[in-house]
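Shown next, in structure tokens, is the structure this report addresses.
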Amino acid sequence: MTALPLASRVQLRRLAVSSTLYLAVALAALIGVFTALEPEAFGSAYNVRTVLTGASILLVMAVGATFVIATAGIDLSVGAVLVFSGVVAVKVMDAFGGSGWGAVGAGFVTALAAGCGWGLLNGLLVTRARVPALIATLGTMGMALGLAQVITGGNDLGGVPGELVTTVGQGRLFGTVPWLVVAAVAVTAVAAFALAKTRFGRYTLTIGSNHEAARRSGVRVDRHVLKVYALAGLLAGFAGFLSLARFASTTIAGHGTDNLQAITAVVLGGTSLFGGVATVIGTVIGVFIPAVLQNGFVILGVKPFWQQVAIGAVLVAAVYLDQLRRRARQQH
Amino acid sequence: MIRCLYKGVQVPAEPSGGRTPVLRASGIVKSFGHVEALREAAFEVYPGEITALIGDNGAGKSTLVKVLSGVMQPDGGTIEVDGSPVQFGSPQDAAGHGIGTVYQDLALAPDLSPAANFFIGRELLRPGLLGRLGWLDAGAMNRRTAEELQRLGVELKDLNAPVASLSGGQRQSVAICRAVAWAERVVFMDEPTAALGVVQTERVMRLITRVREQGVAVVLISHNMPQVIELADRVQVLRLGSRVATYERGQADEHLLVAAMTGAVNQEVR
Amino acid sequence: MKKIVTAGMAGALVLFLAACGDDDGGGATAEGDGGYEVVYVQGVTGNPFFTSVTCGAEAAATDLGVDFDYQGGKDYSAEAQTPILQAVIAQQPDGIIVSPMAGEAMMPTLTEAQSAGIELVFVDTTASDQSLAASFVASDNVEGGRFAAEQTAELVGGSGKVLVLGATPGISTTDARVEGFVETMESEYPDIEVLETQYSGSTPAGATDKLSAVLSANPDLAAVFAVSTQEVEGAIVALEQADAVGTVQLVGFDTSDPIVEAIEAGSVQGVVVQKPLDMGRQAMEQMVKALDGEATEAQIETDYVFLTAATLEDEDVTQYIYRNEC
């Protein structure tokens, strides 16, 4: 799973914590600049709320991806699993009458079960069939999206219960915090705790750092990796349910780049693609840096094509500055 | 900057006659296809001793170590711990009998702290409900790790720094201390100084004698003859899958060991 | 040689697919009286727009006594369409109606069809050499954008800030809608301020984020033109978040089940609807003319209807809502 020389690992691990801090400062600086330039538009409660809400579904998926990447794995199937889970959830809610909290509950369980099922399949392919994660999850990505299209004939389904859309999708806790944000924060908090403080998280990082060492010490590596992929699938299923609540539609064609967005956020957040080094807080920052940039640029009136150029440049610059810092430290 | 401090250790000479070996193997046979890696190999480890296991490449050293540490199962022969016959189905079985291994690649997770590495697969959980949720007791693990390191005279400044940030000798020390922490009887060490420079080698050698001082028997697999002669209370020579010679401290010089390894000397003619 | 083998294999695949499709009504064949055999190759299967084109073509085929079948690739791409079209050519029908991928990609296969003596009619999209086809039936997307602009201007009373929510730059159909919309607004409605076009990246979430940001900067936005179903779905969410449903007029393009629901609920004021049913019918009529050796019209433009809450009961309009089945 890992072939990184020890020397590079030293820097990666040492910098994981400080990188998180550094990126948090970068994010704060971005927010500061945009707020200074456009205090009323950018800093308004409405805008803060829309940015948070807009990032919440991606964040749920990115949290799952953090665990997978921490084991030195990868999951390309999240966007497709999101779509599939949403589609079967709508079908089930329809079967339960298409409205009422009973139907919503059934849809919720279905979405989670569907996501978890795809995650388990990913995990089995990786651990039992020994198919490389990149290929295994590329395959399930096609299968999940294809099956969603088979079920729907390629047409987006409506008919999402109104209760779900008006509460989870649009409602707010105490009239201020959108439920979507509450859901994402809850998932993130539990995951951050699980990764940093529990045996589950410790196994995840140990396997990513040196799976052979874990195996020799009696850790059931395959079983744990299976659980991690199942978790990522479960969270994609949850994201699928949130997406239904938000858009009142299965948005079949709209998730082709979710996997890359999630992986970008995780890596930008300081998690190593080689495994063993990961923080959920980093991932949160990694989700918000592109989201804040995008929002700020639109408000500032940056031309659309230049927005893309600027966002790409800022992402590369963020990682480049981080590299410069690492090199400077290495010379001491 | 993190560094290790070692204290000088006096090595007491101990006789071994008449004692029960803590680990005894006899008649061990192991074949891979038509290749006989071990031919009725015998091996004894006495408590409180450093036993060197030497032999030329292909003599069967690593196969014997794998059999005795539970990684591999022999085709025939018996293994006894403190005089009672045992069977090892896995490294965990061997660990259950107080037998541990320091692998040549150390089997450390480089991104994790020494404390986390000490407890891989044996993580301590908090008491009560929190523990049942899997909440790690980091404080207890750090304390126990610090105690173990201190017991063997290894000092690390930062127990939370990743293992990868330590020097080669420090990493070796962490791996040795970890093995000793979980093995009260015997620790196998496969080429523990092969990758180290002169100063670090010296430190690790002192650590090995300190392990013996703690009452844990050490099996040292090494190609470094001066080191073997300096450290070992007993040297057992393996050649072509069988033991050909056993020497106690002071009985053999480098010349004789090499002669035994190459077949010029054979004590155990059958 | 290789091509023949490929075509043969694709042919086998198509037969297999057609056999499978019988259960769910796919691969439907209209009963003919031994007349012409015409196959429609869709841009992509399972898309309501192309399904509606197929329905129109099939209805015309029944009227004209043509033996009709249809096929389509699983993606909207030349890679998916090429083997399907090759397999259909291998069946040697009299004519093929096709919605080819734009540009050069499909030219070799289309030329192959022509040399095999098969009549071609293009519908909805055209390849780089339009002269291969006896006729090209489509709605003009620039015209669609103009139509959307007129409807939007009426909704906002001829003044205010208007945002165009584009898909992904470089897609010719949606780019043309943007172009038609912006040009019309600038030339004919001087009191309307068209904001910088924002692009969703063809995802509803992207549309929501962009529109939300624009609303932060422009709380006085009067209307949004969303160029396809993805952008409409995303725009609805952004307007709901901003409590701006009904105050900001939302005009879309094309229909889907969730969007029809949104029109009923009042979160979308109206969508521009093409007439794929008419496209299919006219394409089939031109095809039969060509096969009969009569003169054909080189290019036919179909027009648009505007679907609103008020016209939801109007059969003249609702017949054009894109269908999942005929």
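Protein chains in written order, with this note's numbering: chain E, 2 to 333; chain F, 365 to 634; chain U, 502 to 827. All C-beta atoms in this analysis are idealised placements derived from N, C-alpha and C, irrespective of residue type, glycine included.
Going along chain E, which residues have a C-beta under 8 Å from residue i?
i         : result
Leu-497/F : Thr-199
Gln-456/F : Gly-219
Ser-673/U : Within chain E, no residue comes near Ser-673/U; the closest Cβ sits about 17 Å away, beyond 8 Å.
Can you tell which of the options has its C-alpha closest to the C-alpha of residue i?
i         : options                                    : result
Thr-199/E : Thr-442/F, Ala-406/F, Gly-498/F, Asn-630/F : Gly-498/F
Ser-57/E  : Val-178/E, Val-89/E, Gly-140/E, Ser-210/E  : Val-178/E
Cys-786/U : Val-663/U, Glu-765/U, Ala-635/U            : Note on identity: in this sequence residue 786/U is Glu, with Cys being the wrong assignment. Glu-786/U has its Cα closest to that of Ala-635/U, out of Val-663/U, Glu-765/U, Ala-635/U.
Arg-247/E : Val-169/E, Val-278/E, Val-132/E, Ala-279/E : Val-169/E
Val-69/E  : Val-183/E, Met-144/E, Ala-37/E, His-225/E  : His-225/E
His-256/E : Gly-87/E, Trp-307/E, Arg-221/E, Cys-117/E  : Gly-87/E
Gly-55/E  : Arg-824/U, Thr-797/U, Thr-704/U, Glu-697/U : Thr-704/U
Ala-197/E : Val-562/F, Leu-476/F, Thr-610/F            : Leu-476/F
Leu-135/E : Leu-59/E, Gly-101/E, Leu-274/E             : Leu-274/E
Pro-478/F : Asn-506/F, Pro-491/F, Gln-451/F, Gly-492/F : Asn-506/F
Ala-416/F : Glu-487/F, Ile-585/F, Leu-428/F, Thr-565/F : Ile-585/F
What would DSSP say about residue i, mapped onto helix, strand or coil?
i         : result
Phe-682/U : helix
Gln-543/U : strand
Arg-824/U : coil
Phe-452/F : coil
Gly-522/U : Confidence at Gly-522/U is low in this model, with a pLDDT of 37, below 50, so the placement of that residue should be treated as unreliable; the coordinate-derived value is given next. Reduced to three states, the DSSP call for Gly-522/U is helix.
Phe-482/F : helix
Glu-814/U : coil
Val-715/U : helix
Gln-615/F : coil
Tyr-467/F : coil
Arg-50/E  : helix
Asp-439/F : coil
Thr-530/U : Residue placement at Thr-530/U is poorly supported in this model, since its pLDDT is 43, which falls under 50; the coordinates still yield a value, given next. It is coil, neither helix nor strand.
Lys-503/U : Residue placement at Lys-503/U cannot be trusted, given a pLDDT of 45 that sits under 50; the coordinates are not used to answer.
Phe-807/U : strand
Arg-598/F : strand
Ser-640/U : strand
Ile-672/U : coil
Thr-819/U : helix
Gln-309/E : helix
Ala-318/E : helix
Ala-423/F : coil
Val-191/E : helix
Within 8 Å: the Cβ of residue i and any heavy atom of the ligand COA?
i         : result
Gly-618/U : Looking for the ligand COA in the displayed structure turns up nothing, as the structure carries no ligands at all.
Please list, in chain order, the chain U residues whose beta carbon lies closer than 8 Å to that of residue i.
i         : result
Val-317/E : None at all; the shortest Cβ gap to chain U is about 19 Å.
Ile-136/E : Ordered by position in chain U, no residue passes the 8 Å Cβ test against Ile-136/E, which lies about 20 Å from the chain.
Check the Cβ of residue i against every Cβ in chain U and list those closer than 7 Å, keeping chain order.
i         : result
Ala-252/E : Here residue 252/E is Thr; the residue named in the question, Ala, does not match the sequence. Going along chain U in sequence order, the residues near Thr-252/E (Cβ under 7 Å) are Pro-705, Glu-734.
Asn-296/E : Asp-710, Ala-714
Gln-93/E  : It should be pointed out that residue 93/E corresponds to Val in this sequence rather than to Gln. By Cβ distance, chain U contributes nothing, its closest Cβ being about 17 Å from Val-93/E, past 7 Å.
Can you list the residues of chain F that residue i reaches, using a CB-CB cut of under 7 Å?
i         : result
Arg-203/E : Ala-480, Glu-487, Leu-500
List, in order along the chain, the chain E residues whose C-beta lies closer than 7 Å to that of residue i?
i         : result
Ala-743/U : Tyr-47
*Of the residues that make up the region 684-711 of chain U, which ones have a beta carbon closer than 9 Å to any beta carbon in chain E?*
Leu-696, Glu-697, Thr-698, Gln-699, Tyr-700, Ser-701, Gly-702, Ser-703, Thr-704, Pro-705, Ala-706, Gly-707, Ala-708, Thr-709, Asp-710, Lys-711
_Threshold first: 4 residues or longer. Then list the alpha helix (DSSP H) segments lying entirely within the region 131-185 of chain E, N to C._
134-153
_Positions along the region 265-281 of chain E whose CB lies within less than 7 Å of some CB in chain F_ = Gly-277, Val-278
*Taking only runs of the beta strand (DSSP E) that begin and end inside the region 498-586 of chain F, which ones reach a length of at least 3 residues, in chain order?*
550-554, 581-585
*Return the residues of the region 205-222 of chain E that lie within a Cβ-Cβ distance of less than 8 Å from chain F, sorted by chain order.*
Leu-206, Thr-207, Gly-209, Ser-210, Asn-211, Glu-213, Ala-214, Ala-215, Arg-217, Ser-218, Gly-219, Val-220
_Going residue by residue through the region 688-772 of chain U, where are the continuous alpha helix (DSSP H) segments of at least 4 residues, counting only ones entirely within it?_
Runs of alpha helix (DSSP H) with 4 or more residues, each lying fully within the region 688-772 of chain U, are found at 705-718, 730-742, 758-766, listed in chain order.
*What residues in the region 483-516 of chain F have a beta carbon less than 9 Å from any beta carbon of chain E?*
For the region 483-516 of chain F, which is checked against every Cβ of chain E, the residues closer than 9 Å are Phe-483, Ile-484, Gly-485, Arg-486, Glu-487, Leu-489, Leu-497, Gly-498, Trp-499, Leu-500, Ala-502.
*Please name the residues in the region 541-562 of chain F whose beta-carbon is closer than 8 Å to at least one beta-carbon of chain E, in chain order.*
none
*In chain order, what residues of the region 470-481 of chain F put their CB closer than 7 Å to some CB of chain E?*
Ala-471, Leu-472, Ala-473, Pro-474, Asp-475, Leu-476, Ala-480
*Could you list the residues in the region 51-70 of chain E with a C-beta less than 9 Å from some C-beta on chain U, going in chain order?*
Thr-51, Val-52, Thr-54, Gly-55, Ala-56, Ile-58, Leu-59
_If the cut-off is 9 Å on Cβ atoms, which residues from the region 730-741 of chain U count as contacting chain E, listed in chain order?_
Thr-730, Gln-731, Glu-734, Gly-735, Ile-737, Val-738, Ala-739, Glu-741
*Contact residues within the region 145-162 of chain E, judged by C-beta distance below 7 Å to chain U*: Gln-150, Gly-154, Gly-155, Asn-156, Asp-157, Leu-158, Gly-159
*Cβ-based contacts, 9 Å cut-off: residues of the region 537-559 of chain U near chain E*: Val-545, Thr-546, Gly-547, Asn-548, Pro-549, Thr-552
*Got a sec: which bits of the region 752-768 of chain U sit with their beta carbon under 7 Å from any beta carbon on chain E, in order along the chain?*
Ser-757, Asp-758, Pro-759, Glu-762: these are the residues of the region 752-768 of chain U whose beta carbon lies less than 7 Å from some beta carbon of chain E, given in chain order.
_Please give the ranges of any alpha helix (DSSP H) in the region 203-284 of chain E, keeping only runs that are unbroken, at least 4 residues long and fully inside the region._
212-217, 222-248, 259-269
*asked:* By the 9 Å beta-carbon criterion, what residues does the region 25-47 of chain E contribute toward chain U?
replied: Glu-39, Glu-41, Ala-42, Phe-43, Ser-45, Tyr-47
_beta strand (DSSP E) runs contained entirely in the region 558-637 of chain U, provided each spans 3 or more residues_ = Unbroken beta strand (DSSP E) runs of no fewer than 3 residues, entirely contained in the region 558-637 of chain U, are found at 568-573, 596-599, 620-624, following chain order.
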